[in-house]
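As you go down the protein sequences, you meet chains A and B in turn.
Quick note on numbering: the numbering used here labels position 152 of the first sequence as 152, and the sequence is numbered without any gaps.
Quick note on numbering: the numbering used here labels position 55 of the second sequence as 55, and the sequence is numbered without any gaps.
Yeah, the Cβ is synthetic: ideal placement off N, Cα and C, and Gly gets one too.
All remarks here apply to the structure that follows.
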Amino acid sequence: MPVYECNEHQFVENIRRLIETSQKFLVNRRISWHDDAKYGPAILPDEEFNRYAIICIRKSLRSTVFTKVPFIDDFHRRTYDKGENVHGSGNLMFPRMSIPYYKVEYSVNVWGATYFFTFDALFDPHIVIEKRQGKRLSGLVHVLKYNPPPDRLLTLKLPTKVMVFDVKNMVRVIDNSSYF
Amino acid sequence: MQHAAYFYIRESLLTYRDMRNKQKLKSISVLIPLQEVSASISQLDFSLDGITTIVAEGKFWKRMLYVNGEETISVSEEIGDAYPKDPIITICGSTHTVSKITEELQHYAGLRM
Numbered sequence: 001m002p003v004y005e006c007n008e009h010q011f012v013e014n015i016r017r018l019i020e021t022s023q024k025f026l027v028n029r030r031i032s033w034h035d036d037a038k039y040g041p042a043i044l045p046d047e048e049f050n051r052y053a054i055i056c057i058r059k060s061l062r063s064t065v066f067t068k069v070p071f072i073d074d075f076h077r078r079t080y081d082k083g084e085n086v087h088g089s090g091n092l093m094f095p096r097m098s099i100p101y102y103k104v105e106y107s108v109n110v111w112g113a114t115y116f117f118t119f120d121a122l123f124d125p126h127i128v129i130e131k132r133q134g135k136r137l138s139g140l141v142h143v144l145k146y147n148p149p150p151d152r153l154l155t156l157k158l159p160t161k162v163m164v165f166d167v168k169n170m171v172r173v174i175d176n177s178s179y180f
Numbered sequence: 001m002q003h004a005a006y007f008y009i010r011e012s013l014l015t016y017r018d019m020r021n022k023q024k025l026k027s028i029s030v031l032i033p034l035q036e037v038s039a040s041i042s043q044l045d046f047s048l049d050g051i052t053t054i055v056a057e058g059k060f061w062k063r064m065l066y067v068n069g070e071e072t073i074s075v076s077e078e079i080g081d082a083y084p085k086d087p088i089i090t091i092c093g094s095t096h097t098v099s100k101i102t103e104e105l106q107h108y109a110g111l112r113m
């Protein structure tokens with residue numbers, strides 16, 4: 001069974017064409033939460049990295065990122081000291097400071113083929129100064145929190161007549177039509 | 001009087017349901033600056049509902065959601081120094097909204113749908 005990858009434009013336009021042909025179809029959606037160190041601060045474009053600029057510093061994109069101040073990563077319950085290497089330029093695949101994200105997968109099956117569109121939505125960093133009491137850091141400290149993006153920003157809005165099924169997992173389907 | 005009120009409510013519900021059912025879907029990938037796209041959307045009384053950062057096709061994108069009642073428009077633009085930038089506009093709304101946005105954007109060169 002062929003599987004085709006689409007970008008957002010292609011996927012939405014394919015669905016629009018299906019709607020126009022009055023074809024019966026079903027859109028599957030899978031939203032899963034990940035924190036597997038796929039994204040770290042060194043690979044973020046400047047515009048996105050600037051949201052971490054209060055606590056981190058780097059020379060340029062893909063350079064080593066160091067902490068500017070001691071801070072607590074509330075999400076992972078980790079404490080970082082000043083000047084700590086959180087994402088090395090020689091180790092871009094394995095950041096020490098991982099940015100959690102939602103993986104959003106849309107797929108539609110038409111005439112035995114699967115067309116899918118997938119993207120990752122990064123959690124929003126929120127840096128605050130809080131009074132904390134701990135072994136390594138106490139008093140007023142910077143605290144990094146991550147807020148998951150709201151559902152309405154993750155989902156593709158489709159007309160009400162399009163049925164969208166939320167699924168837990170996409171399992172490979174055996175195509176029995178080839179036996180006939 | 002009761003009959004009149006009943007029919008009024010019924011007709012209103014039917015009109016609302018028709019409007020919902022007549023929602024159109026359209027995606028436009030266009031070589032137009034984001035400012036121009038945002039201006040066109042704002043003219044139709046859409047307001048910015050939220051922004052999030054997504055990663056698709058190995059690139060970072062800023063995804064903005066505009067809302068006007070039941071209608072939504074999402075605009076995704078690549079973050080960084082990429083040139084030329086071609087935001088992806090996805091509209092789920094009335095025929096009027098789709099045609100208005102398309103008309104507005106057609107004033108600029110490089111439209112490809």
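| Query | Result |
| --- | --- |
| Near-chain B residues of the region 136-150 of chain A (beta-carbon distance less than 7 Å), N- to C-terminal order | 149, 150 |
| Neighbour flag for residue 39(B) against chain A, beta carbons, 8 Å | no |
| Unbroken beta strand (DSSP E) run spanning residue 121(A), endpoints | 113-122 |
| Contact with chain B by residue 15(A), beta-carbon distance below 8 Å | yes |
| Residues near residue 98(B) in its chain [Cβ-Cβ closer than 8 Å; skip 5 each side] | 24, 26, 91 |
| Short CB-CB distance (under 8 Å) between residue 65(B) and chain A | yes |
| Alpha helix (DSSP H) runs wholly inside the region 31-62 of chain B, at least 4 long, in chain order | 34-43 |
| Residues of its chain near residue 4(A), where Cβ-Cβ distance is below 8 Å and the 5 sequence neighbours each way are ignored | 113, 114, 115, 116 |
| Supposed close pair residue 119(A), residue 54(B) - CB separation, criterion 8 Å | 5 Å |
| C-alpha distance - residue 11(A) paired with residue 80(A), whole-angstrom precision | 42 Å |
| Cutoff 8 Å: residue 45(B) Cβ touching any chain A Cβ | no |
| Length of the line joining the Cα atoms of residue 72(B) and residue 128(A) | 32 Å |
| Assigned secondary structure, residue 86(B) (DSSP; H/G/I helix, E/B strand, else coil) | coil |
| Separation of residue 42(A) from residue 61(A), as counted between CA atoms | 6 Å |
| Cβ separation of residue 85(B) and residue 44(B), assumed to be a contact under 8 Å, to the nearest whole Å | Contact doesn't hold; Cβ gap of about 22 Å is too wide. |
| For residue 68(B), three-class secondary structure by DSSP | strand |
| In chain order, each beta strand (DSSP E) run of at least 3 residues that lies wholly inside the region 20-107 of chain A | 26-34, 65-67, 71-73, 78-80, 85-87 |
| Distance CB(residue 166(A))-CB(residue 29(A)) smaller than 8 Å | yes |
| Nearest residue (CA-CA) to residue 33(A), options 99(A), 139(A), 140(A), 90(A) | 99(A) |
| CB-CB length for residue 60(B) against residue 48(A), believed under 8 Å | 6 Å |
| Within chain B, the residues that residue 153(A) reaches when beta carbons sit closer than 7 Å | 50, 52, 63, 65 |
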